[in-house]
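What follows is a single structure, written as structure tokens, with notes after it.
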Amino acid sequence: MPTLKLIAFLTVLLASTFSWADKTAGDMVDDSVIQAEVKAKLVGKDFLAGMGVNIETHKGVVQLGGFVEDPAKAAQLAELAKSVEGVQKVDNQLHQRDPDRSAGQSMDDTLATTRIKAAISKADLGDGLKINIDTYNGVTLLTGFVATQEQKMRAGDLAKEDKNTQKVINGIYVMD
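Right, here's the structure in full:
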């Protein structure tokens, strides 16, 4: 009888674990294929040359994140991403940057990004996070996917605490 109870308990535990999972194996494969096709399309058109663009995908939502010099190019990147089969939505978090940045500012930006990544990692905001952090001329851009609004807001608050960050753009997408 105790063995039967143990089996029943483990079955319930295992079933509840699967219900916590946000994505099925099929979702992950679909997202991987979509992301690869988006990257291939953008690289094939030579749109990514010289740009630090993050491309993330979750359940058909493609997020483009980073800083670009030309806003028209950002719009073109979003349109190309939308044209990939399986893309449900494009969250365009590409922001214009000033092409002039000193070597000192570049170093400050790199250090700010590193400190913010460490702070977010140390804060242990929960599982299933994918947060990208980019800093340019003191402006920190947060992109990626989180499960809750609270996780998004906490990541933004941590970024604002950095001494070299003058502004935070919180473009993190809250998954449904």
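Under mature numbering (1 follows the signal peptide of the UniProt record, and there is no 0), the letters of the sequence shown match residues -21 to -1, 1 to 155, in that order. The beta carbon of each residue, even a glycine, is placed where N, CA and C say it ideally should be.
Taking 8 angstroms as the cut-off, the Cβ atoms of glycine 45 and isoleucine 13 do not count as close. The C-alpha of valine 41 is placed about 8 angstroms away from the C-alpha of glutamine 67. Counted as a single uninterrupted DSSP element, the stretch harbouring leucine 43 is not any alpha helix (DSSP H) but the beta strand (DSSP E) occupying residues 40 to 47. The criterion of a C-beta distance shorter than 8 angstroms is not satisfied by leucine 120 and glutamine 75. Contact check between the stretch 103 to 114 and the stretch 130 to 146: three or more CB pairs, one atom from each, fall below 8 angstroms, which counts as touching. Inter-segment contact for the stretch 108 to 128 and the stretch 142 to 149 is present: three or more beta-carbon pairs are separated by less than 8 angstroms.
Residue environment for glutamate 64: exposed (fewer than 16 other C-beta atoms within 10 angstroms of its C-beta). In this structure, the beta-carbon distance from leucine 43 to alanine 19 does not fall below 8 angstroms.
Non-local C-beta neighbours of arginine 94 in its own chain, meaning closer than 7 angstroms and more than five positions away in sequence, comprise Asp141, ordered along the chain. Alanine 57 and valine 32 have their C-alpha atoms spaced approximately 11 angstroms apart. Counting only residues of its own chain and dropping the five nearest sequence neighbours on each side, alanine 91 has a CB closer than 7 angstroms to the CB of Thr114, Thr119, Asp141, Asn143 and Thr144.
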